[in-house]
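With UniProt numbering, letter number 57 in the sequence shown gets 57, and the count goes up by one each step, no holes. All C-beta atoms, glycine included, are put in the ideal place defined by N, C-alpha and C. Notes to accompany the following structure.
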Amino acid sequence: MALSISAVLLLLIIVVLLVNKSGLKGMHALVCVLLGFFLASSSVAPTIRQLTTNVASMIGNFKF
């Protein structure tokens, strides 16, 4: 659960920065949000969740 919340916050910050600094239109951001909702309810959702979990665990294993 903590990983999901932090990932959502990170993505939200990225979208806000893209809207403010890079000229991403609000409508484009809305389309991306809708795509996320539809992907979450599709058959690809478990694969995406497994991929993000694996990437997060790989990042967590880095020693700085």
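As assigned by DSSP and simplified to three states, the class of residue i
i: Asn20; result: helix
Cβ separation of residue i and residue j, assumed to be a contact under 8 angstroms, to the nearest whole Å
i: Leu18; j: Leu24; result: 4 angstroms
i: Ile48; j: Leu35; result: Ile48 to Leu35, Cβ: 12 angstroms. No contact.
Along the chain, which unbroken stretches of the alpha helix (DSSP H) at least 4 residues long are found entirely within the region 24 to 59?
-> 26 to 40
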